[in-house]
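The sequence shown stops at residue 293 when you use the numbering used here, and every number in between is there.
In this text, a Cβ means the ideal position worked out from N, Cα and C, and glycines have one as well.
Source: prediction; values computed, not measured.
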Amino acid sequence: MRMKYVLSEVLVGLWRNVTMTVAMIITMAVSLTMLGASGLMYQQVGDMKDLYYKNIQVSIFLKTDVSAQQRDDLDAKLKSDPLVKEVLYVNKDEAYKRFQEMYQDAPDLVNAVKADQLPESFRIKLVNPEQYKDIYDQYKDTEGVDEIVDQSRLLDKIFDILTAIQNIALAAAIVMAVAALLLVANTIQVAAYSKRREVAVMKLVGASNWFIQAPFVLEAVVAGLIGSLLGLIALIGAKYFLFDGSLQALRGLLSPIQWSDIFLMFPLMAGVGGLVSAVTAWVTLRFYLRV
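Following this line, the structure appears as structure tokens:
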């Protein structure tokens, strides 16, 4: 009987302040959507780093006048280096073939370059790609070495941009969450004020604080759960229309977002939406309304 009364009061409370309830749900939905999106973005950037770093190569270009002895010494030194996982020697002919493939859409440029103009190089993969600096310091002054190029320097700039986007999304989610919490607190205050006479009567007949507060807290929880459900729908729409739609051409550059990743975000969104709403409502009733 008590549970039936509490649930009926929740439904009545949500309908009584329907405009504020809708505003609270929408604000919560936007906040949780951005929270879920930032969580997916953090996960995707991590996956992209793992994917790209596995394929990163350090290119050690040799001088045009490098001797065979210098080349052989460098080759032996690289193969015995514990930081190096794999070593590939690229001669002038192989470098020219790669150059032709890379610039096949610019035949004039290809025709203007001869094979003997391209440097020999060693392409190496590191055990830990983030140790590029150690490789650079170790081999930059080696005889016969002209230049050392690492792809991770470019990727670091890209990942810096993605990390900045992550932080912006997370900051926006926090701002929206604060707005949602203030709206939850305001809605609960209005609801409690509109029922102040009923609350006073219940106190007189000996009702416990928990029994009085439960309908208000559950109102906030229901609003938070509905907001998280709308947030999940927004993420599903973003994957279907954006990542699997207009951004599908970038699939080779961006690691794919799986449906499982999105659905795994829902427990987090629902937990945050429901728990934070409940705590906000309880604090509002406890310290402001003195119910």
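{"Asked": "Cα-Cα separation between Val293 and Phe161, rounded to whole angstroms", "Found": "In this prediction, Val293 scores a pLDDT of 45, lower than 50, which makes its location untrustworthy; the coordinate-derived value is nonetheless stated afterwards. For Val293 and Phe161, the distance between alpha carbons rounds to 51 Å."}
{"Asked": "Terminal residues of the beta strand (DSSP E) in which Lys87 lies", "Found": "Val86 to Val92"}
{"Asked": "For Gln46 and Thr23, the rounded distance between their alpha carbons", "Found": "34 Å"}
{"Asked": "Three-way DSSP call (helix, strand, coil) for Ser61 in this model", "Found": "strand"}
{"Asked": "Spatial neighbours of Asp148 in its chain, beta-carbon cut-off 7 Å, leaving aside the 5 residues before and after", "Found": "Phe63, Leu64, Lys65 and Pro121"}
{"Asked": "Residues that DSSP places opposite Val151 in a beta bridge", "Found": "Ser61"}
{"Asked": "Cα-Cα separation, Met43 to Met26", "Found": "26 Å"}
{"Asked": "CB-CB length for Leu128 against Val60, believed under 8 Å", "Found": "6 Å"}
{"Asked": "Nearest-angstrom beta carbon gap, Ile190 and Ala216 [assumed within contact, 8 Å]", "Found": "Not quite, the Cβ-Cβ distance comes to about 12 Å (not below 8 Å), so this is no contact."}
{"Asked": "Beta-carbon gap between Glu145 and Gln72 smaller than 9 Å", "Found": "yes"}
{"Asked": "Separation of Leu234 from Phe268, as counted between CA atoms", "Found": "6 Å"}
{"Asked": "Contact belief for Ala236 with Ser33 at Cβ below 8 Å, rounded distance in angstroms", "Found": "At roughly 11 Å, the Cβ-Cβ gap does not stay under 8 Å, so Ala236 and Ser33 are not in contact."}
{"Asked": "Meets three-Cβ-pair contact criterion under 8 Å: the stretch 76–96 and the stretch 123–139", "Found": "yes"}
{"Asked": "Per-residue burial, Lys51 [other beta carbons within 10 Å of its own, 16 or more giving buried]", "Found": "buried"}
{"Asked": "Gly123, enclosing beta strand (DSSP E) - first and last residue", "Found": "Sequence check: residue 123 is Ser here, not Gly. Segment Ser123 to Leu128, the beta strand (DSSP E) holding Ser123."}
{"Asked": "Separation of Glu132 from Ser230, as counted between CA atoms", "Found": "38 Å"}
{"Asked": "Inter-residue Cα distance where the pair is Lys159 and Asp139", "Found": "21 Å"}
{"Asked": "When Ile137, Ala97 and Pro109 are compared against Lys79, the one with the closest alpha-carbon", "Found": "Ile137"}
{"Asked": "Host alpha helix (DSSP H) of Ile70 (start-end)", "Found": "It is Ala, not Ile, that sits at residue 70 in the sequence shown. Its alpha helix (DSSP H) spans residues Ala70 to Lys81."}
{"Asked": "Leu184 classed as buried or exposed, judged by whether at least 16 other C-beta atoms fall within 10 angstroms", "Found": "exposed"}
{"Asked": "Gly276, buried or exposed, once every other Cβ within 10 Å from all chains shown has been counted against 16", "Found": "buried"}
{"Asked": "Nearest-angstrom Cα separation, counted from Ala171 out to Ile163", "Found": "12 Å"}
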